[in-house]
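Comments concern the structure below.
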Amino acid sequence: GADVVVHSATKYLGGHCDLLAGVIVTKSAKSTETLYKTRCALGLGAGSMEAWLLLRSLRTLSIRVRQQSQTTARLVALLESYRQGAITTEQSPDEDSLSLGRHIVAVQHATLQFASSSSSSAAAAAPNACRSFDVAKQHPEGFGAVFAILFATKEQALFVARHLKLHRFATSLGGVESLVDWRFGFDSTADPSLLRISVGLEDYVDLANDWKQALLALDANEIQMRLEY
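Counting from 22, one number per residue, gives the positions in the sequence shown under our numbering.
As structure tokens, this is what we get:
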């Protein structure tokens, strides 16, 4: 295993977007002693308030992450169904399905990956899946609560980010509030049409309805733009 593991306690360990901290875990006692002396010499210890907030958050870590994981899996499945619905209804259009999913290019999350032993339909839905292992077996307790969604254009991604009402437009992850992050705004190497979503502890139905209204608003805006030009 790893000799040293570094955690950002600011994210899921803190879980409330109200502290900055980090955790270093070492395999050997000698490494721990060396890091401890260095921390004391450089004054790198966490403040008393941050330490108290972190201890508070650790009491709910398990239940928070479990709920966030379950909500994310459902939300990802819903958005992927919108995308697939827009594809399968193109020949005999169902307007609601087209409106919700026709601007979604891809939804990326571990729950959408399949091993090579999976069914042919599952493999077709995930052409880039790893062929040597089953992702679900590596994560028997559930998957992460962060996923990505790509749209056809940068403008569409920004429109959705600004029209989601329960997702704060901010850069972070792991908190109790759902966040939508436009990575290109901070990293010019990122895909400008990509949004990164960190799912919080809001009710699934509320988050699902929030995505539905944002996607419908996007489709109405695209139609209006085409009419104007």
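Ideal Cβ placement from N, Cα and C applies to all residues, glycine included.
For residue i, three-class secondary structure by DSSP
i	result
L239	helix
F180	helix
A169	strand
A191	coil
L222	coil
Q134	coil
V86	helix
R217	strand
L200	strand
Heavy atom of the ligand GDP within 7 angstroms of residue i beta-carbon
i	result
H124	No copy of the ligand GDP appears in this structure; indeed no ligand is present at all.
Nearest-angstrom Cβ-Cβ length linking residue i and residue j, presumed shorter than 8 angstroms
i	j	result
Q88	L200	In fact, because the Cβ distance is near 16 angstroms, the residues do not count as touching under 8 angstroms.
L179	W203	6 angstroms
R123	A98	18 angstroms between Cβ atoms; not a contact.
F164	H130	7 angstroms
A173	L215	So it is not a contact: roughly 12 angstroms between Cβ atoms.
Proximity below 8 angstroms, CB of residue i to CB of residue j
i	j	result
S120	D240	yes
L34	L79	yes
G68	G195	no
V128	E101	yes
G43	V27	yes
I84	Y103	no
V220	A166	yes
T192	F207	yes
(message) Within 8 angstroms, do at least three Cβ pairs link the stretch 91-104 to the stretch 63-77?
(response) no
(message) Does the contact criterion of 3 or more C-beta pairs under 8 angstroms hold for the stretch 173-192 versus the stretch 51-61?
(response) no
(message) Quick check on the DSSP output: what are the complete alpha helix (DSSP H) runs of length 4 or more inside the stretch 22-66, in order along the chain?
(response) 50-63
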